[in-house]
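Encoded as structure tokens, the structure appears first; notes follow it.
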Amino acid sequence: MKKHCKTFVLSTLSGVLLAASVGAFAQQAPKPETLIKWRQSAYSVLGWNSSRIKASVEGQYNKDEVIKAANTIAALANAGIGSLFAPGTEQGKGWHDTATKPELFKDGKRVGELAGDFTREANELAKVAATGDAAAVKTQYGKLSKTCKACHDDFKIKD
């Protein structure tokens, strides 16, 4: 019985130490270049899915493709990607140099408004896509695109 008790205590202690070390690791803030990479990756996925919808509304409409793309955009819009614009990421390199203007980090009110607009229109696009109404999707996609353009006009360095 003593052997089982000792094994139990050692197992429990090992588990507690492992959990504590994992917790400490998880609390470390990612490096700015990591945040920039994640940000660039997220926006690449947004761009890819936006182009899938655009191709569908301008050509042969594919309801299933539009639903998948709209749901992906909505998921990213609700994932908190704004947190990837953390202090220290104003300049630097992720996969490539950041294309974010420094003004983004100074105008939190405007950024918040634009982010809210984007999230609202992305969620609405996902709802509209589920209906299969190509004309309604085209209209809503236009509204979403305007939110992207507004942010790009204000806060993206031109290519």
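Take 28 as the starting number for the sequence shown in this note's numbering and just add one per residue.
For each residue, glycine too, the CB sits at the ideal point set by N, CA and C.
A quick note: this is a predicted structure, and the numbers were derived from the prediction, not measured.
Fill in: Rounded straight-line distance, which links the Cα of Lys133 to that of Gly86
As a working note, residue 86 is residue 59 in the sequence shown. As a working note, residue 133 is residue 106 in the sequence shown. Using only the alpha carbons, I get a separation of about 40 Å.
Worksheet item: Mapping DSSP to helix, strand and coil, what is Asp160?
Response: Taking the sequence shown and counting its residues from 1, the one referred to as residue 160 is at position 133. Correct three-state label for Asp160: coil.
Worksheet item: Which first and last residues belong to the alpha helix (DSSP H) in which Thr61 is found?
Response: One-based indexing of the sequence shown puts residue 61 at position 34. Counting along the chain, the alpha helix (DSSP H) containing Thr61 begins and ends at 59-85.
Worksheet item: From Lys81 to Ala161, what distance separates their C-alpha atoms?
Response: As a working note, residue 81 is residue 54 in the sequence shown. As a working note, residue 161 is residue 134 in the sequence shown. Going from the Cα of Lys81 to the Cα of Ala161 covers about 11 Å.
Discussion item. Is it buried or exposed, Asn105, if we count other Cβ atoms within 10 angstroms and call 16 or more buried?
Written reply: For the purposes of this step, residue 105 is taken as residue 78 along the sequence shown, with counting starting at 1. Exposed.
Practice prompt. Please determine if the stretch 147-157 and the stretch 111-125 are in contact, where contact requires at least 3 C-beta pairs separated by less than 8 Å.
Written response: no
Worksheet item: Since Lys183 contacts Lys136 with CB under 8 Å, what's their CB separation in whole angstroms?
Response: Here residue 183 corresponds to residue number 156 of the sequence shown, with the count starting at 1. Here residue 136 corresponds to residue number 109 of the sequence shown, with the count starting at 1. Going by Cβ atoms, the distance from Lys183 to Lys136 rounds to 18 Å, so no, they are not a contact pair.
Discussion item. By the three-class DSSP mapping on this structure, what secondary structure does Thr146 have?
Written reply: Locating residue 146 in the sequence shown gives position 119, counting from the first residue. Helix at Thr146.
Discussion item. Rounded to whole angstroms, what is the Cα-Cα separation between Trp65 and Gly109?
Written reply: Start at 1 with the first residue of the sequence shown, and residue 65 comes out as number 38. Start at 1 with the first residue of the sequence shown, and residue 109 comes out as number 82. Taking the straight line joining both Cα atoms gives about 11 Å.
Worksheet entry | Status (buried if at least 16 other CB within 10 Å, exposed otherwise) for Ala101 | Your numbering for residue 101 matches position 74 in the sequence shown. Answer is buried; the Cβ neighbour count reaches 16.
Item to complete: For Ser83, count neighbouring Cβ atoms within 10 angstroms of its own Cβ and tell me buried if that reaches 16, exposed if not.
Response: Here residue 83 refers to the residue found at position 56 when the sequence shown is read from its first residue. By the 10 Å Cβ count, Ser83 comes out buried.
Practice prompt. Go ahead and pull the three-state DSSP assignment for Asp91.
Written response: Numbered from 1 along the sequence shown, position 64 holds the residue referred to as residue 91. Note: Asp91 maps to helix in three-state DSSP.
Discussion item. Closest to Cys178 by C-alpha separation, out of Tyr168, Thr166, Lys170, Val138, would be which residue?
Written reply: By one-based count along the sequence shown, residue 178 stands at place 151. The candidate whose alpha carbon is nearest that of Cys178 is Val138.
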